[in-house]
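Sequential numbering from 240 applies to the sequence shown in this note's numbering.
Every residue, glycine too, gets a C-beta built ideally from N, C-alpha and C.
What follows is one structure encoded as structure tokens, with my remarks underneath.
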Amino acid sequence: MENSNFLDNYKLEGELLQIFTYPAPVLKKVAEPVTEFNDELRTLCKDMLFTMYHAPGIGLAAPQVGKSIRLFVMDIDFDREEVTRADGTVDHVLSNFNPLIFINPVISNTHGEVLYEEGCLSVPGIYEEVKRFESITVDYQDMYGEKQSINAEELLSICIQHENDHLEGIVFLERLSMLKQNLLKKKFLKKKKKEGL
Ligand code: NI
Numbered sequence: 240m241e242n243s244n245f246l247d248n249y250k251l252e253g254e255l256l257q258i259f260t261y262p263a264p265v266l267k268k269v270a271e272p273v274t275e276f277n278d279e280l281r282t283l284c285k286d287m288l289f290t291m292y293h294a295p296g297i298g299l300a301a302p303q304v305g306k307s308i309r310l311f312v313m314d315i316d317f318d319r320e321e322v323t324r325a326d327g328t329v330d331h332v333l334s335n336f337n338p339l340i341f342i343n344p345v346i347s348n349t350h351g352e353v354l355y356e357e358g359c360l361s362v363p364g365i366y367e368e369v370k371r372f373e374s375i376t377v378d379y380q381d382m383y384g385e386k387q388s389i390n391a392e393e394l395l396s397i398c399i400q401h402e403n404d405h406l407e408g409i410v411f412l413e414r415l416s417m418l419k420q421n422l423l424k425k426k427f428l429k430k431k432k433k434e435g436l
């Protein structure tokens with residue numbers, strides 16, 4: 240892969256990866272730190288972004304594609320427009336990409352509380368309000384191993400906390416009360432069986 244940062248001029252390309260759905264064992268594991276920042280890792284980042292945009296979703300963690308490592312990708316800004324082709328088929332055009340990659344993230348400096356209805360590519364079709372910190376600081380490494388730090392608020396903060404949970408083996412349902420959790424897990428497993436997911 241080229242040595243420039245492909246995020247600077249992101250193009251929608253890569254390989255479509257399989258997304259594991261709840262209750263796949265890989266989603267329940269605590270992920271291992273990333274130690275090698277090589278082309279293989281950068282290809283995985285690219286493929287994860289491609290898979291996320293394709294789904295579509297606004298975040299995807301490595302365990303969701305079967306890799307138990309501390310990495311997630313995200314884009315809370317892109318636009319997705321439905322277009323009808325001349326032959327009547329419906330397609331989607333994506334634009335305004337703002338891809339982000341977080342490796343070995345550590346969340347600190349948490350403030351406030353916010354409720355937001357979350358969903359997850361590993362629990363498709365289930366949406367529920369989850370309580371998160373309103374603002375956080377995230378220290379992480381980029382795909383070249385360089386240390387980075389950002390302060391995140393609102394949707395970015397929520398999304399980072401959701402994805403970071405995946406690295407701890409937690410899906411968003413497990414942030415809910417036992418009652419809600421059991422109800423939604425049952426609902427999802429039923430749906431999964433019915434749709435053959
Ligand atoms: Ni998720």
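Asked	Found
Name the one or two DSSP bridge partners that residue 281 has.	In the DSSP output, where bridge partners are listed per residue, residue 281 has none listed.
Pick out the complete beta strand (DSSP E) segments inside the region 329-385, 3 residues or longer, and give them in chain order.	329-334, 339-350, 353-357, 367-371, 374-380
With DSSP as the reference, label residue 319 as helix, strand or coil.	strand
Do residue 300 and residue 311 count as a contact pair if the criterion is CB distance below 9 Å?	yes
Taking 8 Å as the cut-off, is the C-beta of residue 305 nearer than that to any heavy atom in the ligand NI?	no
Taking all protein chains shown into account, do 16 or more other C-beta atoms lie within 10 angstroms of the C-beta of residue 432, making it buried, or fewer, making it exposed?	exposed
Does residue 307 come out as helix, strand or coil in the three-state DSSP assignment?	coil
Please classify residue 421: does DSSP put it in a helix, a strand, or coil?	helix
What residue ranges within the region 244-292 form continuous beta strand (DSSP E) runs of no fewer than 3 residues, ordered along the chain?	none
Taking the continuous alpha helix (DSSP H) assigned at residue 412, which residues delimit it?	Careful: residue 412 lies outside any alpha helix (DSSP H) and carries neither H nor E.
So, with DSSP's three-state summary, where would you put residue 396?	helix
Just checking residue 369 against the ligand ADP - is the residue's beta carbon closer than 8 Å to any of the ligand's heavy atoms?	Ligands present in the displayed structure are limited to the ligand NI, and the ligand ADP is not among them.
So, helix, strand or coil for residue 325, using DSSP?	coil
By how many angstroms is the C-alpha of residue 364 removed from the C-alpha of residue 427?	8 Å
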